[in-house]
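Here my numbering is used: the first residue of the sequence shown is 1167, the next is one more, and so on.
We put the beta carbon where it would ideally sit given N, CA and C, even for glycine.
This structure is a prediction, so every number in the text was calculated from the model and none was measured.
Take a look at the structure below.
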Amino acid sequence: MYELKLATRSFLSKQFAGQKSIFFQPVIRSLTQVLFTALFLFFSTSPGHSEDVQQWAQKQSTQLTQLYESLHRTPELSNEEEKTAARMAQLMGEIGLKVTPQVGGHGVVAVLENGKGKTLLLRADMDALPVVEETGLAYASQVKMLDKRGATVGVMHACGHDMHMTNLIGTVQYLASHRQQWQGTLVAIFQPAEELGAGAKAMIADGLLARFPRPNYALALHVAADTAAGSLGYRAGYAQANVDSVDIVVKGRGGHGAYPEATVDPVVIASHLVIDLQTIVSRELAPIEPAVVTVGSIHGGTKHNIIGDTCQLQLTVRSYSPAVRKKLIAAIRRKALAAAASADGPEPEISVSEGTPSLFNDPDLVDRLVPVLKQTLGEKNVHEVQPSMGGEDFGRIGREGVPIIMFKLGAVSQERLDDYRRAGSQPPSLHSPKFYPDPAATIVCGVTTLSAAAMELLQPME
C-alpha cells in the first residue's frame, strides 16, 4: 500500500512584525524549491504592501500552486484526514492563529483576533474520494487506503477540496499580513467528512459555534467543473438541496417460480412501486417546485426459478424547502405501503437517513458582497448561477442562524472548455477520475474572492 508521507512539522518559518508566518509544504522536492519558498515567506508576509489583493494573489500564485500540488498528491478519505488536519493545524499556528485541533473528529478551528468588530468564519473541507485518478498529471495521486469495509481503494481529490484548502490558506496568509487594513475576528475552519455529509454536523455538535467566537457571517467556496477559471458564480437563496437517502425493503412470500399463485412476489410489488414513485414529483408538487426522487438501486431474487422473500430499493431524494422535503418523504411512505397492500403483502421496511440540509445563501449578504467582488474581479467575471440539486453540508451553519454564502469558483481554463465543446463533449465533472482544475487562475480568483469579502465584512470600526 502506498504510504502517506506527510510531515506534521514545518520546514521553514519567518518572523515578521512580531508574528510567526509559514508557508508549509510536506514534500521537499529540491533545495531550490525550499529557497524559493523561503523568499515567498519573506516577501508575502511583510506588512505595508501597497498592491491590492488580486495583485498579491497573483504574486503568490506559483508558491500556492506548489502547495496545491502537494495537497493533491496526498489525499485522505473522509474521517481519515489525520495527516491533512495536522498539517493545517501546524500551518495555522505558525501563521499566528490560535489553533484547536480535533473538533468534531479531525476538524481544525483556527482563530485570529484583530481588535473589536465582527466575526467572520471561512471554511474549507479536507476529505478526498475513493477514486483512482486518471488525469495523467505529474502530481497525480498514487495513494491507496483501506475504506470502511476494509477494501483497498485508490484515493483522489476529485471534488476540489485540495483547492478549497489552498484558497483558505492563501486568504489567511493575506489577512495575517495585512491586519492593519481590517478589524475583528477571523475563524478559519478545516472540516472533515464533507463527502459523507457528516463533518459540519460533527463540528457543530462539538461546539464550533459555542466554544469559539460565534460568526456574524460565514463564507465558503466550491470549485465548478464546467465554469472558466478566473470567474465566480453566486446565487441568492437556495443554492444546494436537501439530501435524503431512503431504503425500502419490500416483503413478500417466496416460492417456486413455476407456482406464482402460492407466493407474494416482492419483485412485482417493487416494480409497481418504482413507477408510482415517479408520480410524486410530477403530480403531487407544483411544477415550479424543484424536487428529485430517484431509485438508484433495486435488488431482489437469487435464481431464475425462485421467487424471493424480499426486494430492496435505494432512493435519493432531493428538495429545497423543509415543507417539500416532509411532503416527499410522506408520499414515499404512503406509496410503499399502498403497493404492498395492493398485493396483500406484508408492510415494507422504510428507513430514512438525512444526509445534508439545503444550503440557503443569505440574500442580504449576497447583495452586499457581489458589488465588491465585481469591482475586484471585474464585472464580466462575476455572474449569477442556477441552483443545484447537489448537496453540501456547509448549509448546516446557515441552519444555525448564521448568514452564509457559498460561491461557485470557476476551475477549468476557457481554452480547455472550448476544446471540449469543439469535440462535442462535456468537461469531466466533479468526482470524475479525470477532473482537475487549472490551479494558478483558480487560486488567484479564490484567494482574491475570500480576501476581498473578508475586507468588506471586517472593516475597521470608526
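Report the option in the options whose CA atom is closest to the CA atom of residue i.
| i | options | result |
| --- | --- | --- |
| ILE1454 | VAL1490, LEU1616, VAL1321 and ASN1408 | VAL1490 |
| VAL1551 | LEU1575, LEU1535 and PHE1601 | LEU1575 |
| GLU1260 | SER1244, PRO1379 and VAL1277 | VAL1277 |
| ARG1499 | PRO1514, TYR1486 and SER1508 | PRO1514 |
| ALA1386 | ASP1475, ALA1436 and LEU1531 | LEU1531 |
| ILE1355 | LEU1263, ASN1280 and GLN1444 | LEU1263 |
| ALA1452 | SER1487, LYS1225 and ILE1464 | SER1487 |
| VAL1458 | LYS1417, ALA1502, ARG1419 and ASN1408 | ASN1408 |
| GLN1541 | ALA1618, GLY1556, THR1285 and VAL1518 | ALA1618 |
| GLY1396 | PHE1573, PHE1601, TYR1586 and LEU1623 | PHE1573 |
| ALA1324 | THR1301, GLN1625, ALA1317 and TRP1348 | THR1301 |
| LEU1233 | GLU1581, GLY1336 and GLN1308 | GLY1336 |
| GLU1545 | TYR1400, LEU1503 and GLN1625 | TYR1400 |
| SER1485 | VAL1536, HIS1597 and THR1460 | THR1460 |
| SER1307 | GLY1316, ALA1317 and LEU1295 | LEU1295 |
| TRP1222 | GLN1478, GLN1625 and ALA1606 | ALA1606 |
| GLN1625 | ASP1218, GLU1235, GLY1283 and PRO1267 | GLY1283 |
State yes or no: is the beta carbon of residue i nearer than 7 angstroms to at least one beta carbon in chain C?
| i | result |
| --- | --- |
| LEU1624 | The structure shown has no chain C; it contains just one protein chain. |
For residue i, which residues of its own chain have a beta-carbon under 8 angstroms away from its beta-carbon, when the five flanking residues on both sides are left out?
| i | result |
| --- | --- |
| GLU1450 | LYS1493 and ALA1497 |
| ASN1471 | HIS1422, GLY1423 and ALA1424 |
| ASP1392 | VAL1578, LEU1583, GLN1592, PRO1593 and SER1595 |
| SER1216 | Bear in mind that a pLDDT of 41 at SER1216, under 50, signals an unreliable position, so the model cannot answer this. |
| ARG1562 | ALA1366, LYS1367, ILE1370, THR1522 and PRO1523 |
Using the beta-carbon count (16 or more within 10 Å), is residue i buried or exposed?
| i | result |
| --- | --- |
| ILE1571 | buried |
| ALA1424 | exposed |
| MET1621 | buried |
| GLU1360 | buried |
| GLY1350 | buried |
| PHE1206 | The predicted model places PHE1206 with a pLDDT of 44, which falls under 50 and marks its position as unreliable, so this point remains unresolved. |
| GLU1246 | buried |
| MET1292 | buried |
| GLY1511 | buried |
| ARG1195 | Any answer about ARG1195 is weak, because its pLDDT of 40 lies below 50 and its placement is not dependable; what the coordinates show is given next. By the neighbour-count rule (16 or more Cβ atoms within 10 Å), ARG1195 is not buried but exposed. |
| LEU1303 | exposed |
| ALA1371 | exposed |
| ARG1588 | exposed |
| ALA1376 | exposed |
| LEU1312 | exposed |
| PRO1569 | buried |
| SER1448 | exposed |
| SER1463 | exposed |
| GLY1567 | exposed |
| GLY1271 | buried |
| GLU1427 | exposed |
Ordered along the chain, which non-local residues of its own chain (more than five positions away) have a Cβ less than 6 angstroms from that of residue i?
| i | result |
| --- | --- |
| GLY1273 | GLN1357, PRO1358 and MET1369 |
| GLY1214 | Its pLDDT being 39, under 50, GLY1214 is placed unreliably by the model, and nothing is read from it. |
| ALA1402 | ASN1527, PRO1529 and VAL1532 |
| ALA1342 | ILE1261 and GLY1262 |
| VAL1389 | GLY1326, MET1329, LEU1575, ALA1577 and PRO1603 |
| LEU1287 | VAL1353, PRO1381 and ALA1384 |
Which residue or residues does DSSP assign as beta-bridge partners of residue i?
| i | result |
| --- | --- |
| GLY1320 | LYS1310 |
| LEU1385 | LEU1288 and ILE1571 |
| ASN1280 | GLY1350 |
| VAL1265 | ALA1276 |
| THR1522 | VAL1409 |
| GLU1550 | TYR1400 |
| TYR1243 | A quick correction: the sequence has Leu, not Tyr, at residue 1243. According to DSSP, which records beta bridges pairwise, LEU1243 is partnered with ALA1294. |
| VAL1416 | CYS1477 |
| PHE1356 | VAL1274 and ALA1290 |
| ASN1156 | Any answer about residue 1156 is impossible in this case: the structure gives the chain only from 1167 up to 1628. |
| VAL1458 | ARG1484 |
| LEU1578 | At residue 1578 the sequence reads Val, which differs from the Leu that was named. In the DSSP output, where bridge partners are listed per residue, VAL1578 has ALA1394. |
| GLU1515 | VAL1415 |
Please look up how many angstroms separate the CB atoms of residue i and residue j, rounded, as I've assumed it's under 8 angstroms.
| i | j | result |
| --- | --- | --- |
| VAL1548 | LEU1398 | 5 angstroms |
| THR1522 | ASP1559 | 4 angstroms |
| VAL1269 | VAL1353 | With 8 angstroms as the limit, VAL1269 and VAL1353 do not qualify as a contact, their Cβ atoms being about 11 angstroms apart. |
| LEU1257 | ASP1328 | In fact, because the Cβ distance is near 14 angstroms, the residues do not count as touching under 8 angstroms. |
| PRO1241 | VAL1321 | 5 angstroms |
| PRO1599 | VAL1298 | 6 angstroms |
| ALA1507 | ASP1442 | 12 angstroms between Cβ atoms; not a contact. |
| ILE1414 | ILE1516 | 5 angstroms |
| LEU1638 | VAL1412 | This structure cannot settle anything about residue 1638, because the visible part of the chain is limited to 1167 through 1628. |
| LEU1543 | LYS1501 | The pair is not a contact, with the Cβ atoms about 48 angstroms apart (cut-off 8 angstroms). |
| ARG1239 | ASN1280 | ARG1239 to ASN1280, Cβ: 34 angstroms. No contact. |
| LEU1334 | ALA1290 | 4 angstroms |
| GLN1220 | ALA1394 | Actually they do not touch by this definition, with Cβ atoms about 16 angstroms apart. |
| THR1476 | PRO1432 | 5 angstroms |
Leaving aside the five residues before and after residue i along the sequence, list all residues of the same chain whose C-beta is less than 7 angstroms from its C-beta, in chain order.
| i | result |
| --- | --- |
| GLY1564 | LEU1525, PHE1526 and ILE1570 |
| GLY1557 | GLY1363, GLN1406, ALA1407, VAL1409, GLY1521 and THR1522 |
| GLN1224 | VAL1610 |
| LEU1285 | According to the sequence displayed, residue 1285 carries Thr and not Leu. Here the set comprises GLY1350, THR1351, VAL1353, PRO1379, ARG1380, PRO1381 and ASN1382. |
| VAL1265 | ALA1255, MET1258, GLY1259, VAL1274 and ALA1276 |
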